[in-house]
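Each residue of the sequence shown is one higher than the one before, counting from 6 in the working numbering. Written out below as structure tokens is the structure these notes cover.
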Amino acid sequence: MACLYDLPWELLLQMIIFCNLDILSFVRAYPPAMACFSANRTWIITHMMAPVGDAALPSLVQAARLRHMRQEPDFQVLGAHEVEERIGHLLGPVVEEPEPPCWDKFSLSALCIMCELGKDAKQICDAYSQEALAITTRAIARQLREPTQQERSLFIDAALCLESYCLTFFHGREHLYLTSEETRQQFFTRHQWMSRPSCLETVVRFYCTWAYMVKELKRLLAVVGHRLEYFYGRIEPLRNWDGRHAEYFLFFFQNDGTYKRMDCYGICLLSQGLSMFTKLQRMGDEELIKFVVTNFWDIMEDDMTPLFHGDSLRWAYIDYLVPYSWRDIEVSNFVTLWSYALPFWDPELE
């Protein structure tokens, strides 16, 4: 074992890059790697953050700070008002930050969170962009069959904005800042040190990503519903569903036109951010069914869940961010906008 402590730095660098998301665990298991990481910090981080792109770095830092804060041991027991205060203190300096991120300011654990976020956002970017390109290239004469680095950065930036939104405006199953319109209006304030797209363009891409993820969650829930339907057939209502969680989910899936539970459950899943979404995407059918059946029961039987009360329109929960004229946008026009991912593509390549 002693020979492991004499590994050359060139090999250690490759191992660190290969580990990617597990750098912290790697350093704890092999302490000499810390000296290698410290000496080559800028090169390693630049390599790891390259898929994100410079344009998305402010969104990555903001989302990482929020996720890091929410992983603190005492955070989940805080009340809504205390959570709002902590988030407000955290986001204030980020909005006003005049310079690009300085990686030396971040701890190794914080950098690992950024890598996790970058991987989640990249997974969404790859899936959304490839699906949209398959449709777009049939409709327009686009020169490239793959997104450019700048286009990828826009997809990743939108996904990271959505992560920050979920971490800012939801706490467990509670809504935050319900009475603070100013907080919502300022959510997309961008860093001053970069040339940024307009706020409206950012909001449009945010909504497109939101719509894509809602569509994907509906598809995953349909997979669960159709698999259960094969085994159970048509489900009749029961007075007591205890111990019959699969039938409980299937009943509401089959009667969604009446009860509208699938949309509400999808929003609840989406409010948990990118990690939940990408975890569901990676699950096999059996694992997905087991998770959804149990999770759906737990959430639906919780009378304190506010996500299932009130307006269920498409713009619910984030309508402060949208120009008033958008509230009545034709559904078909919006479907074209997000399914083709039109706000992300470089018009010069068409």
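Ideal Cβ placement from N, Cα and C applies to all residues, glycine included. These numbers come from a predicted model, not from an experiment.
Contacting residues, own chain, Cβ-Cβ under 7 Å from residue i (five flanking each side not counted)
i: Phe301; result: Phe254 and Tyr270
i: Ala164; result: Ala126, Ile129, Cys130, Thr214 and Leu279
i: Ala38; result: Leu17, Ile21, Phe31 and Val32
i: Val219; result: Gly271 and Leu275
i: Gly238; result: none
Where residue i falls, given that 16 or more other Cβ within 10 Å makes a residue buried
i: Leu149; result: exposed
i: Trp48; result: exposed
i: His176; result: buried
i: Pro152; result: buried
i: Trp198; result: Confidence in Trp198 is poor, its pLDDT being 44 and thus under 50, which makes the residue's placement unreliable; the coordinate value appears in the next sentence. So Trp198 counts as exposed.
i: Thr263; result: exposed
i: Ile22; result: exposed
i: Phe184; result: Reading off the sequence shown, one finds Thr at residue 184, where the question assumed Phe. It is exposed - the Cβ of Thr184 has fewer than 16 other Cβ atoms within 10 Å.
i: Glu241; result: exposed
i: Val340; result: exposed
i: Val82; result: exposed
i: Ile92; result: buried
i: Arg244; result: exposed
i: Thr299; result: exposed
i: Arg266; result: buried
i: Ala34; result: exposed
i: Tyr212; result: buried
i: Phe236; result: exposed
i: Ala137; result: buried
Under 8 Å between C-beta atoms of residue i and residue j
i: Ala251; j: Leu274; result: no
i: Ala61; j: Ser158; result: yes
i: Val228; j: Leu293; result: yes
i: Leu71; j: Leu95; result: yes
i: Ile129; j: His73; result: no
i: Phe42; j: Val57; result: no
i: Tyr345; j: Tyr217; result: no
i: Leu116; j: Ile161; result: no
i: Ser64; j: Cys166; result: yes
i: Leu113; j: Leu16; result: no
i: Arg210; j: Pro36; result: no
i: Val88; j: Leu181; result: yes
i: Asn45; j: Leu12; result: no
i: Met20; j: Cys120; result: no
i: Ser169; j: Ala55; result: no
i: Arg178; j: Asp307; result: yes
i: Phe296; j: Met288; result: yes
Per-residue DSSP class, three states only, for residue i
i: Phe257; result: helix
i: Phe175; result: strand
i: Leu16; result: helix
i: Lys265; result: coil
i: Phe339; result: helix
i: Val209; result: helix
Same chain only: Cβ atoms within 6 Å of residue i, ignoring 5 sequence neighbours per side
i: Phe258; result: Gly230
i: Trp14; result: Cys41
i: Leu225; result: Leu285
i: Thr412; result: Since the first and last residues shown for the chain are 6 and 355, residue 412 lies out of range.
Interface flag, residue i vs chain B, CB-CB below 8 Å
i: Trp302; result: This model lacks chain B altogether; it includes just one protein chain.
Same chain only: Cβ atoms within 8 Å of residue i, ignoring 5 sequence neighbours per side
i: Asp351; result: Thr153, Gln155 and Glu156
Beta-bridge partners of residue i, as assigned by DSSP
i: His73; result: Paired residue(s): none; His73 is not in a bridge.
i: His180; result: Phe175
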